[in-house]
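Worksheet: one structure, shown below.
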Amino acid sequence: DAGITQSPRHKVTETGTPVTLRCHQTENHRYMYWYRQDPGHGLRLIHYSYGVKDTDKGEVSDGYSVSRSKTEDFLLTLESATSSQTSVYFCAISESGTLNTEAFFGQGTRLTVV
Amino acid sequence: GEDVEQSLFLSVREGDSSVINCTYTDSSSTYLYWYKQEPGAGLQLLTYIFSNMDMKQDQRLTVLLNKKDKHLSLRIADTQTGDSAIYFCAEKTGSQGGKLIFGQGTELSVKP
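Chains as they are written, first to last, in the numbering used here: chain A, 2 to 115; chain B, 7 to 118.
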């Protein structure tokens, strides 16, 4: 298994509070991604990073921010959590952005906003 | 709207073949992927195919690609109860900056 660790694995938080999810990799891969998984929608890209301090938005980025201060860590922050952000969040890593490069996924973080 | 479409559920009997279907929209050079997600787990890459291929076979898995109709299928031969999972089709194209775009996922249920 690729060395990807997501933390926490489960979290319950209150509406309006900030929340930070962490993705840590030991593969030294350049690309890192945050997805959310919701029934009927599959996985949707929130943000991704193509290097330290280099990030870009995905298709559902509103309400989320990210930071990547070092290669191994990619943080996803919900600035003020809402119930619509209740979801399962997956981090993925990829050695490069070329089309035939495999992406490896973490185990997921289940976030509930009450 | 979604760029990749899948039916949501499929139920088969153990030992039968399963066929999971997917349609995509981007006609630029594309890699198409099949991922498997078991309950409570992340996604595991099963196989992938480049859009200039028609078919790829890997043990019990056969991927068929119809480029004209932008239709992709995953056939699992001799389906086992351990194959019960959600299967995601995904495309990766140059027009999307090399990002994976996923379908909704097909939940495969294998009955003994």
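C-beta: ideal position from N, C-alpha, C; glycine also.
Residue interval of the beta strand (DSSP E) (run including residue i)
i	result
Q26/A	V20 to Q26
G52/A	G43 to G52
D64/B	M61 to D64
T68/B	L67 to N72
A1/A	No statement about residue 1/A is possible, as the shown extent of chain A runs from 2 to 115 and does not include it.
K42/B	T36 to Q43
D55/A	D55 to K58
Chain-ordered chain A contacts of residue i [CB-CB under 9 Å]
i	result
F94/B	G43 and L44
K73/B	Chain A residues near K73/B: none, gap ~16 Å exceeds 9 Å.
Residue-level contact to chain A via CB, residue i, 8 Å cutoff
i	result
G7/B	The predicted model places G7/B with a pLDDT of 40, which falls under 50 and marks its position as unreliable, so this point remains unresolved.
K105/B	yes
DSSP beta-bridge partners of residue i
i	result
M1/A	The first residue shown for chain A is 2 and the last is 115, placing residue 1/A beyond what the model contains.
N201/B	There is simply no residue 201/B to check, as chain B begins at 7 and stops at 118 in what is shown.
L77/A	L22/A and V67/A
S8/A	R23/A
L16/B	L114/B
Q38/A	L44/A and V89/A
Q50/B	K42/B
T113/A	V13/A
Within chain B, partners of residue i - CB distance below 7 Å
i	result
F1/A	Since the first residue of chain A shown is 2 and the last is 115, residue 1/A is not available in this structure.
Residue i at chain B interface by Cβ criterion, 8 Å
i	result
E103/A	yes
G109/A	yes
Y65/A	no
G59/A	yes
Whether residue i touches residue j by CB criterion (8 Å)
i	j	result
A96/B	V10/B	yes
G52/A	R31/A	yes
T83/A	V67/A	no
V18/B	T85/B	yes
Q108/A	Q7/A	yes
Q110/B	Q43/B	no
T53/B	L71/B	no
L51/B	E103/A	yes
Contacts that residue i makes with chain B (C-beta to C-beta distance below 9 Å)
i	result
Y90/A	Within chain B, no residue comes near Y90/A; the closest Cβ sits about 11 Å away, beyond 9 Å.
Where residue i meets chain A, residues with beta-carbon distance less than 7 Å
i	result
F108/B	G43 and L44
G111/B	G43
beta-carbon residue i near the ligand SAM non-hydrogen atom, thresh 7 Å
i	result
S8/A	Only the bare structure without any ligand can be found here, which leaves the ligand SAM out of the picture.
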